[in-house]
Structure formats: structure tokens, C-alpha cells
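Residue numbers (our numbering): 247 to 340.
Each residue gets a CB set at the ideal place from its N, CA and C atoms; glycine is no exception.
Keep in mind the model is a prediction, meaning the values are calculated, not measured.
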């Protein structure tokens, strides 16, 4: 067990590792759940997955700041479609 850092510094190291892993997994799930609409195209998803996997914590933070639409995947899926404007009333009516 000499390879494992014990005590306070070991606790900090394990906490940082688990936190980084959780952040990377959270952002990967968020990218995959994003709908392929005009604001977040399918090709962009692949790029963000690569950035997150290669960048680790830094890539996840960059995605959250730059690439994530407001509200994330859940809000993007629940966003109602833009309704067409109703036709104008026929002329000659009151």
C-alpha cells in the first residue's frame, strides 16, 4: 500500500479525482442528450465529446461555459416549437 497516499492529502486526491470524473461524465451525458436541432447540430455533438474526452476537466468546463445551450439538454428538449403567426382576418370584416 505504499503507492497509495494516505491521510489528509490522500483524501484530497481521491475527492479531486472523483469530482473530475463526475464532471466529465455529467457533461458527456449532457452532450449526448442534446437534441439535434438548429441550435445544436449533430456534428457539433461529436466535436464536444472529443473535446471533453481529450480535455478532461478543462474540456468539461469549456463545454459548460461555451458550448452548452441555456438550460442544458432538458430545457432544449422542452422548448416549444415556434408557432406560425395566424393568418390576418379577411378584409371587410369588423
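Alpha-carbon to alpha-carbon, residue j and residue i
i, j, result
"residue 257", "residue 268", "16 Å"
"residue 266", "residue 332", "50 Å"
"residue 406", "residue 281", "Residue coverage of the chain in this structure runs from 247 to 340, which leaves residue 406 outside it and unanswerable."
"residue 302", "residue 272", "12 Å"
"residue 335", "residue 316", "37 Å"
"residue 295", "residue 262", "21 Å"
"residue 290", "residue 310", "14 Å"
"residue 264", "residue 253", "17 Å"
"residue 312", "residue 279", "17 Å"
"residue 255", "residue 304", "22 Å"
Proximity to residue i [Cα-Cα], best of the options
i, options, result
"residue 314", "270, 263, 277, 261", "277"
Beta-carbon gap between residue i and residue j smaller than 9 Å
i, j, result
"residue 308", "residue 293", "no"
"residue 306", "residue 260", "no"
"residue 299", "residue 274", "yes"
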